[in-house]
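To start, the structure under review is shown below, and the notes come after it.
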Amino acid sequence: MSQLAAGPAARAALSGPRGSGRLDRDWVPVLAGVPLFGELSRRHLKHVASLAKTRRYTAGTSIVRAGTAGTAFYVILDGAARVVTPKGRPRRLKAGQFFGEMALLDDSPRSADVVADGEVLTLTIGRSAFAKLLKSEPAIAHALLRTLAARVRDAETSA
Ligand code: CMP
Numbered sequence: 023m024s025q026l027a028a029g030p031a032a033r034a035a036l037s038g039p040r041g042s043g044r045l046d047r048d049w050v051p052v053l054a055g056v057p058l059f060g061e062l063s064r065r066h067l068k069h070v071a072s073l074a075k076t077r078r079y080t081a082g083t084s085i086v087r088a089g090t091a092g093t094a095f096y097v098i099l100d101g102a103a104r105v106v107t108p109k110g111r112p113r114r115l116k117a118g119q120f121f122g123e124m125a126l127l128d129d130s131p132r133s134a135d136v137v138a139d140g141e142v143l144t145l146t147i148g149r150s151a152f153a154k155l156l157k158s159e160p161a162i163a164h165a166l167l168r169t170l171a172a173r174v175r176d177a178e179t180s181a
């Protein structure tokens, strides 16, 4: 299972209770290892933690279904997920990578299925909190755009 580099507090948080939960300060070192949040100060990481919840999925669970409305944004904290688009090859996303941003950004249906590739732990942020976060944290918006640009290039080369 792919896991973010984590100190003792973060490891305890990663292996904590199963199911959904709120993120407390123990999660700040875990969030600091997520590239999307890499430029944020500890104070700003705490802000992200205050908006987020964790969710665990068992292997093979459909996390996001193509064609449905988007209600949340996801960052993989532990494990991996498979993105299956209507065209092109499937992609594997690992710990530290994110998905579910597209439907929230353009208010259109989900573009792909995302399935748990083994057991997965995600951070989730709801639609309206995600919109506010992008406005209040330009560093996150910038990092997200950089990844989107890379994904467009990747999709173009595999089309
Ligand atoms: P969204 O459309 O909200 O839901 C499905 C998600 O899969 C999408 O957001 C992206 O996060 C992700 N996704 C779609 N296409 C690709 C791709 N080519 N590479 C990586 N991730 C993708």
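Numbering (the working numbering), first residue to last: 23 to 181. Backbone N, C-alpha and C define an ideal beta-carbon position, used for all residues, glycine too.
Contact between the stretch 162–171 and the stretch 129–136 is not established, with fewer than three Cβ pairs separated by less than 8 Å.
Contact between the stretch 95–112 and the stretch 139–147 is present, with at least three C-beta pairs closer than 8 Å. Of H66, R149 and K116, the smallest CA-CA separation from P51 is found for H66. Within 10 angstroms of the beta-carbon of V86 lie 16 or more other beta-carbons, which makes it buried. Its chain contains V105 as the residues whose beta carbon lies nearer than 6 Å to that of R113, once the 5 sequence neighbours on both sides are disregarded; these appear in chain order. By the Cβ neighbour-count rule, E61 is exposed, with fewer than 16 other Cβ atoms within 10 Å of its own.
Proximity to T76 across E178, E123, L127 and S37 peaks at S37, based on C-alpha coordinates. Where D46 is concerned, there is no enclosing beta strand (DSSP E), because DSSP gives it neither an H nor an E.
In this structure, the straight-line span from the alpha carbon of K157 to that of M124 is close to 16 Å.
Taken atom to atom, the span from the alpha-carbon of F59 to that of L53 is near 7 Å.
When the five nearest sequence neighbours on each side are left out, the beta carbons in the same chain lying within less than 6 Å of the beta carbon of T146 are those of K75, R77, A94 and Y96, in order along the chain. The distance from the Cβ of A117 to that of L26 is about 5 Å, consistent with a contact at the 8 Å cut-off. S84: member of the beta strand (DSSP E) spanning S84 to V86, first to last residue. Assignment of L143 by DSSP, reduced to helix, strand and coil, places it in the strand class. Apart from the 5 residues on each side of it in sequence, S84 sits with its Cβ closer than 7 Å to the Cβ of D135 and V137 in its chain, given in chain order.
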